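Notes follow the structure.
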Amino acid sequence: MNKEKKALLQEAYFLEYPKDIRKAVFLPLRVTGGFRTKKGIVGAPQNNICQIIGIGRPFCADPFLCKKKR
């Protein structure tokens with residue numbers, strides 16, 4: 484496992500599970516929980532860990548987050 488992938492696994496809560504789930508399910512996988520950085524959010528799909536990232540809590544706290552980040 485490369486250094487970047489190890490860092491990603493420490494970024495979010497559930498990134499170690501999609502590899503095993505992928506063996507049984509052939510659908511896009513979503514991971515949510517614990518993402519703290521843009522690097523983690525972008526890196527998980529780029530490293531083929533999952534296809535979709537869920538980031539609900541930041542949007543609950545600030546519904547205009549997307550507009551602020553543009």
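The numbering of the sequence shown is our numbering, which starts it at 484 and goes up by one. Beta carbons are placed, not taken as given, at the ideal position from N, Cα and C, and that holds for glycine. Quantities reported herein were computed from a predicted structural model and do not represent experimental measurements.
Candidates the options: which alpha carbon is nearest residue i's?
i: lysine 502; options: Gln534, Cys549 and Cys543; result: Gln534
i: leucine 512; options: Phe497, Asp545 and Phe518; result: Phe497
i: tyrosine 500; options: Asn531, Pro541, Lys551 and Cys543; result: Asn531
i: lysine 489; options: Gly526, Arg505, Phe509 and Leu510; result: Gly526
i: glycine 517; options: Pro528, Lys551 and Pro541; result: Pro541
i: glutamate 487; options: Pro528, Ile504 and Phe509; result: Pro528
Find out if the Cβ-Cβ distance for the pair residue i, residue j is shorter than 7 Å.
i: glutamate 494; j: glycine 539; result: no
i: threonine 515; j: glycine 537; result: yes
Taking only three categories from DSSP, how would you classify residue i?
i: isoleucine 536; result: strand
i: valine 514; result: strand
Enumerate in chain order the residues of its own chain whose CB-to-CB distance from residue i is below 6 Å, with the five nearest sequence positions on each side excluded.
i: leucine 578; result: The chain is shown only over 484 to 553; residue 578 falls outside these bounds and no answer can be derived.
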